[in-house]
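Read through the structure below, which is laid out as structure tokens, and then see the notes.
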Amino acid sequence: MTSNFNRILVLAPHTDDAEFGCGGTIARFIDEGKEVHVAAFSACEKSVPKEYPEDILINELKSATKILGVPNENVHLFRYDVRIFKAHRQDILQDLIGLRSEIKPDLVLLPAGSDIHQDHATIHDEGIRAFKFTSIMGYEMPWNNMIFKTSSFVFLDEKYIELKIKALRAYASQGHRPYSNEEFIRSLARTRGVQINTYYAEAFEIIRLILK
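Those letters in the sequence shown? Residues 210 to 421, by the working numbering.
See below:
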């Protein structure tokens with residue numbers, strides 16, 4: 210199915226969400242020669258550990274996306290404060306419409322509908338509004354999903370998992386998070402792989418699928 214999509218936009222509420230949710234898939238798309246854009250909506254300055262500069266996540270985003278193969282000009286950063294996206298819903302929608310006009314993606318990847326984080330929920334809702342005529346899939350964030358519809362999977366080779374892990378290591382300021390370790394990342398990819406009779410995979414919720 211990946212042959213149907215040549216221009217992909219990944220919506221990340223916060224700087225590391227794209228890598229956590231679909232880093233392996235991004236690496237595979239890049240390897241297949243597809244045009245991938247990553248749009249992050251907050252550098253989470255208010256949540257950065259005190260021992261790091263407030264803007265550390267901006268530099269970490271650039272490093273992580275470079276590891277996955279995303280060109281720097283395809284990384285889009287917006288500076289909304291963390292945890293209050295809902296208050297800026299209309300501005301975020303306008304930014305998404307701007308991305309739609311600029312990029313014209315065939316596929317949009319965004320947080321799944323069951324994601325309970327308030328910022329993730331806003332990007333999900335406004336993303337569907339902005340891209341209602343585009344194929345949309347929701348990526349998995351197990352620590353935020355009470356339920357998750359595994360309605361689509363992407364096969365991943367070892368090299369794509371390695372790139373995902375390497376990209377996430379670029380986020381040194383987030384290394385303390387329990388879901389940031391290699392064992393968890395591999396175990397989740399292994400679980401999804403077993404579900405479709407392969408070794409590694411990432412799972413997605415199909416929100417809208419348009420095949421031309």
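Even glycine gets a Cβ: it sits at the ideal position worked out from N, Cα and C.
Just so we're clear, the structure is a prediction, and the values are computed from it rather than from any experiment.
Item	Value
Closest by C-alpha distance to E241, when choosing among P387, I217, E228, A252	I217
Alpha helix (DSSP H) runs wholly inside the stretch 307-359, at least 4 long, in chain order	327-339
Top-ranked residue by Cα proximity to I235, from L420, N283, R386, K259	N283
Spatial distance of L418 from I345 (CA atoms)	6 Å
Validate contact between the stretch 326-345 and the stretch 260-276 using beta carbons, cut 8 Å, 3 pairs	no
Alpha carbon of N213 to alpha carbon of F362, nearest angstrom	15 Å
Limits of the beta strand (DSSP E) - the one that Y408 falls within	Segment: none, Y408 is in no beta strand (DSSP E) and carries neither H nor E.
Contact the stretch 341-359 vs the stretch 305-320: 3+ CB pairs below 8 Å	yes
Unbroken alpha helix (DSSP H) run spanning F229, endpoints	226-240
Three-state secondary structure assigned by DSSP to A379	coil
Rounded separation between L308 and R288 - CA only	15 Å
Distance between E414 and I265 (C-alpha atoms, nearest Å)	31 Å
CB contact flag (E254, V279, <9 Å)	no
Local conformation of S361 per DSSP, three classes	strand
Residue span of the alpha helix (DSSP H) that contains L266, given as start and end	265-277
Close Cβ partners of S251 (< 6 Å) along its chain, the five nearest in sequence each way excluded	H223, Y289, V291
Opposing strand residues paired with R417 [DSSP bridges]	I345
Same chain, Cβ closer than 6 Å to F364, neighbours up to 5 away in sequence not counted	T407, A410
Beta carbon of V257 nearer than 9 Å to that of V219	no
Of the listed residues F294, A339, S310, nearest to L302 (C-alpha basis)	A339
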